[in-house]
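Notes for the one structure printed next.
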Amino acid sequence: MTKRRPPTTSSEPADPPPKSWEEATEALEALVRRMESGSLSLEESIKAYREGVALVQWSRETLASAQQQVRVLEEDMLKPYSPEADGS
0 MTKRRPPTTS
10 SEPADPPPKS
20 WEEATEALEA
30 LVRRMESGSL
40 SLEESIKAYR
50 EGVALVQWSR
60 ETLASAQQQV
70 RVLEEDMLKP
80 YSPEADGS
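For the sequence shown, counting from 1, position 14 maps to 13 in numbering that gives the first Met the number 0; every step adds exactly one.
Below you can see the structure in the form of structure tokens.
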């Protein structure tokens, strides 16, 4: 049985992570436009796809972090409304 080799990584440096959610969204939209244009070579398409995957992963992690922060902030605030407690 032969061992499978791990995929080779590109010698190109990785792009820095986006600075904001909006920057990631804009970059993803630009990648989609480029890929849908049909003007990219196969190699360029694969590179763009990899960039898109990295942006989606960063976006998901950022969104999960934001959702967790909201949960923590709302933890003590989400209580059933009671008119008696309102004092009216």
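The beta-carbon is built from N, C-alpha and C at its ideal position, and this holds for glycine as well. The structure displayed is predicted, hence computed values, not measured ones.
### Query
With DSSP run on the structure shown, which of helix, strand or coil describes residue 36?
By one-based count along the sequence shown, residue 36 stands at place 37. Residue state, collapsed to three classes: helix.
### Query
Straight-line CA distance for residue 53 to residue 40?
By one-based count along the sequence shown, residue 53 stands at place 54. By one-based count along the sequence shown, residue 40 stands at place 41. Roughly 20 Å separates the two Cα atoms.
### Message
Whole angstroms are fine: how far does the CA of residue 38 sit from the CA of residue 47?
### Response
For the purposes of this step, residue 47 is taken as residue 48 along the sequence shown, with counting starting at 1. For the purposes of this step, residue 38 is taken as residue 39 along the sequence shown, with counting starting at 1. Whole-angstrom Cα-Cα distance: 12 Å.
### Query
Under three-state DSSP, which class holds residue 46?
Here residue 46 refers to the residue found at position 47 when the sequence shown is read from its first residue. Correct three-state label for residue 46: helix.
### Straight-line Cα distance separating residue 63 from residue 43
In the sequence shown, counting from the first residue as 1, residue 43 sits at position 44. In the sequence shown, counting from the first residue as 1, residue 63 sits at position 64. Taking the straight line from one Cα to the other gives about 30 Å.
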